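**Q** Following this message is one structure expressed as structure tokens.
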Amino acid sequence: MDPRSEVLLRQADLFQGSLLLAGLPADDLLGKLPAAHGWSWHAGDHAALDARFAGRSHFGVEAPAQAFDAAVVFLPKSRDLANYLLNTLASRLAGRELYLVGEKRGGIEGAAKQLHAFGKPRKLDSARHCQLWQVTVEHAPQAKSLQSLAEHFELALADGPLQIVSLPGVFSHGRLDRGSALLLENLDQLPTGHVLDFGCGAGVLGAAIKRRYPQNRITLLDVDAFAVASSRLTLAANGLDGEVISGDGIDAAPRELDVIISNPPFHTGVHTNYQASENLLRKSADHLKKGGEMRLVANSFLRYQPLIEEALGNCRIRDEGQGFRIYQATRG
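Okay, here's the thing in structure tokens:
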């Protein structure tokens with residue numbers, strides 16, 4: 002059981018009514034709170050919850066339409082996303098209870114100050130290195146549309162400016178990260194055919210490739226619903242066509258690919274997690290055609306080269322700089 006869920010269950014009497022759990026972990030919490038429903042934007046967590054508690058987990062970037070008498074926000078890593086979630090839920094809870102739970106290392110004490118906009122928050126519990134806060138919503142805000150919170154920025158590329166649309170919670174929100182910047186400089190001579198942008202984030206790489214290689218088919222994949230929505234907005238902002246899908250890891254990707262391009266993730270919330278990236282490397286041969294190519298960027302300290310060589314039989318460092326390396330390998 003996730004420690005944040007354990008803290009909630011210490012106050013279980015408060016959560017017996019109609020309750021929305023926003024950003025809940027994929028544990029047994031819904032089993033302990035039979036009147037509760039979940040809202041998840043992580044494709045893997047949603048799939049696990051839906052398999053165990055069918056019909057009780059909602060997936061997407063918008064809160065479910067159904068009514069609820071109280072809501073709990075599991076504090077996300079992104080402050081911008083926390084603002085969006087709290088605003089969205091508080092707008093529907095006038096006179097009722099909004100809760101915030103999170104880990105101390107995740108900044109729960111600072112985040113709890115955001116509750117002052119709605120009423121007088123109080124700390125209900127502190128245990129398992131987590132805290133639980135409550136506020137009665139006395140000042141229900143006007144709900145802000147998600148698109149009004151998008152960050153728009155422009156990349157000056159050799160073939161012209163590229164428009165990027167980034168939503169709250171998306172990796173490197175509102176700016177270009179150094180790893181993707183290096184990979185953008187290493188997109189020449191890509192094979193023709195079906196290209197996968199794995200862990201697409203705001204769609205920077207996928208959009209750049211589709212514009213540079215318009216004859217290629219592009220699929221963008223991310224585990225996060227906010228990233229999927231961002232990528233669709235980025236493609237639309239540049240008048241580009243592409244398939245954007247949500248899924249948990251490389252197992253959700255198409256087969257018979259000609260190229261896999263990636264700035265793979267290695268964080269889940271505030272925790273380091275290399276599982277998605279290492280699965281990508283180990284299973285890359287299952288998704289690439291013979292002669293297909295994988296090209297990715299990673300922090301220099303990560304030992305990805307042996308994993309790529311084991312999967313594809315070869316790997317070379319194509320470029321490096323500012324603490325990152327570009328790896329390139331071809332399936333034999």
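Going by the numbering used here, the first residue of the sequence shown is number 2, and it counts up by one from there.
Note that CB positions come from ideal geometry on N, CA and C, so glycine has one too.
Every value quoted in this text rests on a predicted model; they were computed, and no experiment measured them.
1) CB-CB under 7 Å to residue 286, same chain, minus the five flanking residues each way: which ones, in chain order?
2) Within the same chain, show all residues whose beta-carbon is closer than 6 Å to that of residue 298, passing over the 5 residues directly before and after it, in chain order.
3) If contact is defined by three or more beta carbon pairs under 8 Å, each pair taking one atom from either stretch, is the segment 97-114 in contact with the segment 49-61?
4) Label residue 148 either buried or exposed according to how many other C-beta atoms from any shown protein chain fall within 10 Å of its C-beta, with 16 as the threshold for buried.
5) By how many angstroms is the C-alpha of residue 129 removed from the C-alpha of residue 235?
6) Given a cut-off of 9 Å, decide if residue 19 and residue 60 are closer than it, judged by their beta-carbon atoms.
7) What three-state label does DSSP hand residue 269 in the structure shown?
8) For residue 162, which residues does DSSP report across the bridge?
9) Quick check on DSSP: helix, strand or coil for residue 175?
10) Taking C-alpha atoms, which residue in 222, 278, 143 and 14 lies nearest to residue 253?
11) Pairing CB atoms from the segment 164-172 with CB atoms from the segment 232-247, are three or more of them under 8 Å?
12) What whole-angstrom Cβ distance do residue 238 and residue 203 have, given they're in contact under 8 Å?
13) Closest by CA to residue 82, which one among 64, 191 and 95?
14) So within the segment 57-136, which uninterrupted beta strand (DSSP E) runs reach at least 3 residues, ignoring any that extend past its ends?
15) Tell me the residue span of the beta strand (DSSP E) that contains residue 287.
16) Going along the chain, which residues of its own chain have a beta-carbon closer than 6 Å to the beta-carbon of residue 119, five neighbours each way excluded?
17) With a cut-off of 8 Å on the beta carbons, I'd call residue 152 and residue 163 a contact; round off their distance for me.
18) CB-CB under 7 Å to residue 305, same chain, minus the five flanking residues each way: which ones, in chain order?
19) Does the distance from the C-beta atom of residue 21 to that of residue 73 stay below 9 Å?
20) For residue 317, which of 295, 302 and 323 has the nearest alpha-carbon?
21) Would you call residue 200 buried or exposed, if buried means 16 or more other Cβ atoms sit within 10 Å of its Cβ?
22) With H, G and I counted as helix, E and B as strand and the rest as coil, what does DSSP make of residue 291?
23) Excluding the 5 residues flanking residue 110 on each side, which residues of the same chain have their C-beta closer than 6 Å to its C-beta?
24) So for residue 329, helix, strand or coil by DSSP?
25) How far does the alpha helix (DSSP H) with residue 244 in it extend, from its first residue to its last?
**A** In brief:
1) The residue labelled residue 286 in the question sits at position 285 within the sequence shown. Counting only Cβ-Cβ distances below 7 Å, and skipping sequence neighbours, we find 312, 313 and 332.
2) Residue mapping note: residue 298 aligns to position 297 of the sequence shown, counting from 1. If we look at residue 298 and ignore the five residues flanking it on each side, its Cβ neighbours are 180, 183, 184, 264, 325 and 327.
3) no
4) Reading the sequence shown from its first residue, position 147 is the one you call residue 148. Residue 148 comes out exposed.
5) To locate residue 235, count along the sequence shown from 1; it is residue 234. To locate residue 129, count along the sequence shown from 1; it is residue 128. Rounded to whole angstroms, residue 235 to residue 129 spans 40 Å at the Cα level.
6) As a first step, residue 60 is located in the sequence shown; it is residue number 59 there, counting from the start. As a first step, residue 19 is located in the sequence shown; it is residue number 18 there, counting from the start. Going by C-beta atoms, residue 60 is not nearer than 9 Å to residue 19.
7) For the purposes of this step, residue 269 is taken as the residue at position 268 of the sequence shown. Annotation note: pLDDT 49 at residue 269 (below 50); position unreliable, coordinate value reported separately. Here residue 269 sits in strand by DSSP.
8) Counting from one through the sequence shown, the residue named residue 162 turns up at place 161. Paired residue(s): 157.
9) Here residue 175 refers to the residue found at position 174 of the sequence shown. Coil, per DSSP.
10) Position 252 of the sequence shown holds residue 253. Out of 222, 278, 143 and 14, 222 has the C-alpha closest to the C-alpha of residue 253.
11) yes
12) Here residue 238 refers to the residue found at position 237 of the sequence shown. Here residue 203 refers to the residue found at position 202 of the sequence shown. Not really, about 10 Å apart at Cβ, beyond 8 Å.
13) Working through the sequence shown from its first residue, we reach residue 82 at position 81. Of 64, 191 and 95, the residue nearest in Cα terms is 64.
14) 58-60, 71-75, 98-104 and 123-128
15) For the purposes of this step, residue 287 is taken as the residue at position 286 of the sequence shown. Run containing residue 287: none in the beta strand (DSSP E); it sits in the alpha helix (DSSP H), 276-288.
16) As a first step, residue 119 must be located in the sequence shown, where it is residue number 118. Contacts found: 91, 136, 138 and 140.
17) Numbered from its first residue, the sequence shown carries residue 152 at position 151. Numbered from its first residue, the sequence shown carries residue 163 at position 162. In fact, because the Cβ distance is near 14 Å, the residues do not count as touching under 8 Å.
18) To locate residue 305, count along the sequence shown from 1; it is residue 304. The residues are 282, 299 and 328.
19) Translated into the one-based positions of the sequence shown, residue 21 becomes position 20. Translated into the one-based positions of the sequence shown, residue 73 becomes position 72. Result yes, Cβ atoms of residue 21 and residue 73 sit closer than 9 Å.
20) Within the sequence shown, residue 317 is the residue found at index 316, counting from 1. When only C-alpha atoms are compared, the closest one is 295.
21) For the purposes of this step, residue 200 is identified with residue 199 of the sequence shown, where counting begins at 1. It counts as buried.
22) To locate residue 291, count along the sequence shown from 1; it is residue 290. Residue state, collapsed to three classes: strand.
23) Here residue 110 is taken as the residue at index 109 of the sequence shown, counted from 1. So no residue of the chain qualifies.
24) The sequence position of residue 329 within the sequence shown is 328, counting from 1. Residue state, collapsed to three classes: strand.
25) As a position in the sequence shown, residue 244 is number 243, starting the count at 1. Note, residue 244: premise wrong, no alpha helix (DSSP H); beta strand (DSSP E) at 244-247.
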